[in-house]
Each structure stands twice: as C-alpha cells, then as structure tokens.
Amino acid sequence: MIENMTEIAISQLLSETQKMKYEDYRFVTASCVSLGDDGCDVIYHFDKDLEMKHLKLRVGKGEELPSVSKIYFCALLVENEMKELFGINITDIAVDYGGHMLLSDEELESPMAKQQITIVEKKGAK
Amino acid sequence: MSKTVIPFGPQHPVLPEPLHLKLVMQDEIIVDAIPAIGYVHRGLEKLTETKEFTQNTFVVERVCGICSCMHALAYCQGIESLMNIEIPDRAKYLRVLWAELHRIHSHLLWLGLLADAFGFESLFMQVWRNREKVMDIMEETAGSRVIISVNTVGGTRRDISKEMLTKISVIVDEIKEDLKQVEAAFFNDYTVKHRLVGVGVLTKEDAYALGTAGPMARASGIKQDLRMTGYSAYGELDFEPIIEQDGDSYARTVVRLKEVYQSINLIKQCIAKMPEGEIVVPVKGNPNGEVVSRVEQPRGEVLYYLRANGSKTLDRLRIRTPTFANIPALLHMLPGSQLADVPVLILTIDPCISCTER
Amino acid sequence: MVNRSEVKSMFDMIGNIFKNLGSKPATRMYPFEKREAFKDARGQLGGIDIDACIFCGICARKCPSDAIVVNKAEKSWEVDRFKCVVCSVCTEVCPKKCLFMSENYTDAAYTKEKAKHVQQPKSTDNGEQASA
Ligand code: SF4
Ligand code: SF4
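Residue numbers (the working numbering), protein chains in the order written: chain A, 11 to 136; chain B, 133 to 490; chain C, 11 to 142.
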C-alpha cells in the first residue's frame, strides 16, 4: 500500500541507509509494529523534496538490530524509543539511555510489545 | 579547567514544558547537553489500540493541545486514504480554515512566550491579546477553545455559516493591523535583536542532516513545507513557503511571525473560495492496510503511520511529532552557547514535550 | 539626528497613547462581568432526558473515554464527569436524542461524584411491567 517501500534484511540495513545518505535523503523517523511472538516490523522513513522512501525489515525476537545513528545522528531518539517500548535489541546507539528515556524504573518493560503473558508473570514475581 | 553540570528543568520559569537538560558547563559556556524526557509519557499510542478507529480522532487530538486540530487532520487523512473516502470540497476548505486558525494561535502563543523569555512582558501581553481573538473564533465556530474536535473521518463535524465567515475575515484583518504594530518590536527593537541575532545558528547543511522540520528548517533556508504537497485544499490555494537564510533565533522568529500573515492570507483565500455543499460523507466498513500520512503543523511536519487489519481497531498508530525531529538540532546548537541564552534557544525550537512523548 | 522611520514610530506611539486612553481594557472584570457562552459551545454534557432513554447503550459504546455506563436491567444511565472529555459524540449518536449539551462550563467541584439517573416507572401499567 505504501509507495516506495523496499523490504530489506537486517544485514542490508546499514548499507541501504548509507546509500540513502549519499542520495541526500533526510531521515524522518522509524516506526515499529509489534507482531507478538514474531518480533517486530521496523520501517525507516526517509524524505527528499517531500517525496518519501521507506525501508522495511523484520526483526525476530531477541535478534540484534544495528543502529543507524552513526549515519543519521537524529535517529538516536527514535531508536531509544523503540528499544524501550518494544524491547528491540538495538546495538551501538550514539547516546544510549539504557531504557530510561521515556520510562522510569517502576514501569513495565517494553509496554508497546504485544506480549501479555510475560507481563503477567513479571507482576507475579514481584 | 573543571566542568560543572547544571540541571535545567524539568521545572523552569521560562518553560512550561517538562524538558530536562543536563548542561555540562565550562564557566559560562556550554560544552555538552544531554536531554532527558519522559515526564509526561502517557502511552497514547498504546491507548489507540483499544479504541475504535473513529474514536481515535479524539485520542490523537489530545497528543498536543496546541496543534490538536492538525493531529486529527493527519489521522483522518490517513484513514480516508486507507478506505478510499473522498471527502466533500467544503469539508476540505473548512479543515484548512481551522488548521490555519490553529497555526495563528500557536505562533502567537510562541511569539508571546519568546517575548516573555527575554523579559519583554508588555510585548508578551500585546501578542496574547491578539491570540485571544483567535481563541474566541475557535470557541464560536467549533465549540471549544483549544481541542476543537472538528475533524472526523469523512469530513468535519461542524459547518460555519456565511455570517460567521464574514466575521472571521473581519477579525483576522484586525489581528493583522494590530500585529503590524507589534511586528516593529520583534523586527527592529535593539534589545530584542541583541537577544536573538546570531544566537543558536544552525546552518542549512546541519539542519538538513539533523532532520529538522517546520519553521526550524525554513529559517535555515530549507524549502520544506508539507502544505506544498497540496493535501486537503492547500493545492487550490496560493502561497509560498517562508524561508530565511540565517538560521539563527532571529530568523526563526521572523519565519513564524511572517507565517502568521501567511495564515491570515490563506484564511481569507479559503473564505473567498469556500464551496457550498455537504461537510461529511458517511463512513462504512473498516480500514485495511498501511499508510503514511503527513501534515504540516505549526511546529513542523507530523508523520502518522497507520496499520489497520480490517477490524474496528487499528494494529498500530504511530505518531512522529515535529519536536521529536527538532530535539537533535537543539542538542547541536547548545554546545558553545552561553548559559543565559539557553531559555531562548530551547524556546526557538518551539518545544512541545507532551507531543514528543505522547 | 532622528531618521524617518523613528519619526513615524513616534507618531504611531502618540496615536496609540490617545487610543488607549479612550478605549476599554481588553480584559474583563471577571467575577462581576461574565462573558455569555457562545451558542452551541461544548461546555459540558448537560444531562439526559431520562424518560426518553431506551437504554440501548450506544452512547456508552461510542464514548471515546468510556465515561458513560448504561444498565439496561436497572434502567439507569450514569456519567462520570471527570472522565468525560466533552466531545459531544454521545449526543450525536443517541437514537432518541435524549442527551443534550450545555454551553456553560462545569463548575469546579469538591468531590468526584458521578451523575446517575434512574428511570422512574412512567405510568401505572409501565410500572407494573417493570416490577413484574
Ligand atoms: S444512546 Fe440515548 S437512548 Fe441509548 S442509552 Fe444512551 S442516552 Fe439512552
Ligand atoms: S461528551 Fe464525549 S466523553 Fe463525554 S460522555 Fe459524551 S461521548 Fe463521552
């Protein structure tokens, strides 16, 4: 449905993002959709002269996702947010808040991820 | 030389926004700044997963008070494109009218806050006096002052009568006249210039690389205004994005002040061209698929990513607000500037932290 | 030397001084002088014409903030005004149009009370049905 969307694998992410940078695209943001046990869909949005391009990839549960904040510094906020709210393991973010950008200690871990069962277990353990 | 860390915010006299900054200082000069947000995270994105897609309009409006109308606009446009709904022409013009009224009141609010930040209280008062007229229009046409809830999937919820349209155009003319006098203080006053010119310069290259949005980007010479894509009725209206080249706080003030005039102009065009007809079309069925919808808010572009699954509730509603995009630029501007300039610098990105955290 | 723009702004200023002397203040003496509410303003959810209600529960389902609780068995309708966001959706969707908005804002309250309305048996035969 979305125009100019390319599906890529995790290993291609850094090279594709670098290519975007060479082509003078602006980093808009990244969106993340939780798929429950299948992990997450991550979509990176780029823009140039009001035309958008998107890179889409799927991260399985527990898989590592390299950070693009070395290429686009402004990606650091959104990557921290995804790490926190969805529990994606994003490595090497330029400034890593360690899960405390939006949430405090008392909050549930990765509240946006669809994983009801683990949350319930956690509550019981406390 | 030793370094000091000064915590700035989340409670600060000039800034009603709960933004916390750790400023690493060397004497009076900032060498590093680390932002900390998270004081008003309300989990609205999560909340939308439990509501019907028509009810979500009211949730997204509460993401931000100042640009609430545009949040609903972006959301409704997204859903409408998913469901292939073509809204009536009158609704398109009404949406633009309300959106531009919102832009005026947001920019006037900001201009007042800026005047307040550098201690020019009477200027603050003059600007807000004019803002009040806009708020009254809003209350009279839409029923509430701030969260006006006029957009709905398929059109608008209220219509504006002919007499009211004439009245609006008289009032915006009044505002224009008043603002012409206030403008001199912003543009030529020695003190104001002293506080703004050359403070927090953001070059065009930096602004682009840091992904800034809205007036921030335009003050650095980037011609980027989503209204140029012609969503809603903007395609049929005549306007040029306002661009400044200097990229300092003064340029950002000039851009926003000129945008008020631009919005007044757009409102007058809207009123002149307002077509007759229906304001809403019935909506049947449920959305399916995914879409990206973008709208220009007073603070810059907002991005909505929607994923629907054919049921009443959405799988995902993701909001990227303009302040989120402008914080990296703030972090770039702060190192090297004076401690006394921090309030002005933070203010010139027009921060809306509750937007940022949702 | 004063330049031309300064002379002009001086005249503007003198003009403004005289205008301000003669004009009313932009603000109101609030508690003594109140502004009339605009027509059709969404001040608060005015209430319900409980006798017309059929307890279909549409308002409760469509309310974006889940402020309304309708109980068909009890014939009661209840709104939590502290949850209500005054969007007026409930008044629009009600098939009997028995909900109405009020233009005046809610007064400040000391306690968080809910407004509960229970339908009283209307006429005798209706009442008998209800109690039966
Ligand atoms: S929608 Fe109207 S008739 Fe139905 S329960 Fe609510 S108030 Fe009563
Ligand atoms: S006005 Fe809106 S929030 Fe209040 S009870 Fe009605 S539907 Fe619910």
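Where is the CB? At the ideal position from N, CA and C, for every residue including glycine. Only a predicted model underlies this, so the values are computations on that prediction, with no experimental measurement involved.
Here's the rule: buried if 16 or more other CB atoms are within 10 angstroms of the residue's CB, otherwise exposed. What is residue i?
i        : result
C/Thr134 : With a pLDDT of only 48 at C/Thr134, under the threshold of 50, the placement of this residue in the model should not be trusted; the figure read from the coordinates follows. Looking at its Cβ environment, which holds fewer than 16 other Cβ atoms inside 10 Å, C/Thr134 is exposed.
B/Gln401 : buried
B/Thr344 : buried
C/Met39  : exposed
B/Leu477 : buried
B/Ile307 : buried
C/Ala31  : In the sequence as presented, Ala is not what sits at residue 31 of chain C; that position holds Leu. Exposed, by the Cβ-count rule.
B/Asn283 : buried
C/Asn136 : Note on C/Asn136: pLDDT 46, under 50, position unreliable in the model; no value is reported.
B/Leu151 : buried
B/Ile481 : buried
B/Ala247 : buried
B/Ser238 : buried
B/Ile219 : buried
B/Gly170 : buried
A/Val43  : buried
B/Arg235 : buried
B/Phe250 : buried
C/Gln130 : exposed
So, does the CB of residue i fall closer than 8 Å to a CB anywhere in chain B?
i        : result
A/Tyr82  : yes
C/Cys94  : no
A/Val69  : no
A/Phe96  : no
A/Met62  : yes
C/Gln139 : With a pLDDT of 42 at C/Gln139, under the threshold of 50, the modelled position of this residue cannot be trusted; read the value that follows with caution. No, no contact with chain B.
C/Pro131 : no
C/Ala118 : no
C/Cys108 : no
C/Phe21  : no
C/Pro74  : yes
C/Cys100 : no
C/Ala156 : In this structure chain C extends from 11 to 142, so residue 156 of chain C is not present and cannot be described.
Name the DSSP bridge partner or partners of residue i?
i        : result
C/Ile58  : C/Leu109
B/Trp260 : Looking at the DSSP assignment, B/Trp260 forms no beta bridge with any residue, so it has no partner.
C/Ala119 : DSSP output for C/Ala119 lists no bridge partner at all.
B/Thr385 : None, per the DSSP bridge assignment.
B/Met524 : The requested residue 524 of chain B is not part of the displayed model; chain B covers only 133 to 490.
B/Gly287 : B/Thr284, B/Val412
B/Met157 : B/Thr136, B/Ile162
C/Lys126 : C/Glu88
A/Phe56  : A/Phe37, A/Lys63
Throw me the rounded Cβ distance for the residue i and residue j pair, which I believe falls under 8 Å.
i        : j        : result
B/Gly346 : B/Gly409 : B/Gly346 to B/Gly409, Cβ: 32 Å. No contact.
C/Lys85  : C/Phe110 : Actually they do not touch by this definition, with Cβ atoms about 19 Å apart.
B/Ser281 : B/Glu212 : Not a contact, Cβ separation roughly 17 Å.
A/Ile81  : A/Gln22  : Going by Cβ atoms, the distance from A/Ile81 to A/Gln22 rounds to 13 Å, so no, they are not a contact pair.
A/Ile100 : A/Met111 : With 8 Å as the limit, A/Ile100 and A/Met111 do not qualify as a contact, their Cβ atoms being about 12 Å apart.
B/Val137 : B/Val156 : 5 Å
B/Tyr225 : B/Ala365 : 5 Å
A/Phe96  : A/Cys50  : 5 Å
A/Val69  : A/Ile98  : 6 Å
B/Asp310 : B/Asn262 : 5 Å
Should residue i be listed as close to ligand 1, given that the test is whether its C-beta is under 7 Å from any heavy atom?
i        : result
B/Cys402 : no
C/Leu109 : yes
A/Val88  : no
C/Cys66  : yes
C/Lys106 : yes
B/Trp260 : no
C/Val80  : yes
C/Val103 : yes
B/Trp230 : no
C/Cys63  : yes
Kindly indicate if chain A contains any beta-carbon less than 8 Å away from that of residue i.
i        : result
B/Tyr340 : yes
B/Gly353 : no
B/Ser403 : It is worth fixing the name first, because residue 403 of chain B is Ile in this sequence and not Ser. Cβ-Cβ to chain A under 8 Å: no for B/Ile403.
B/Ile169 : yes
Can residue i be considered in contact with ligand 2, in the sense that its beta carbon sits closer than 7 Å to one or more heavy atoms?
i        : result
C/Pro74  : yes
B/Cys238 : The sequence shown places Ser at residue 238 of chain B, rather than the Cys named in the question. Incorrect: B/Ser238 has no Cβ contact closer than 7 Å to ligand 2.
C/Ala77  : yes
C/Ser98  : yes
B/Leu243 : no
Determine whether the Cβ of residue i lies closer than 8 Å to any Cβ atom of chain C.
i        : result
B/Glu104 : Residue 104 of chain B is absent from the structure shown; chain B starts at 133 and stops at 490.
B/Lys325 : no
B/Arg261 : yes
Subject >> chain F contacts made by the segment 274–294 of chain B, where a contact means CB separation under 7 Å >> reply: This model lacks chain F altogether; the protein chains it does include are A, B and C.
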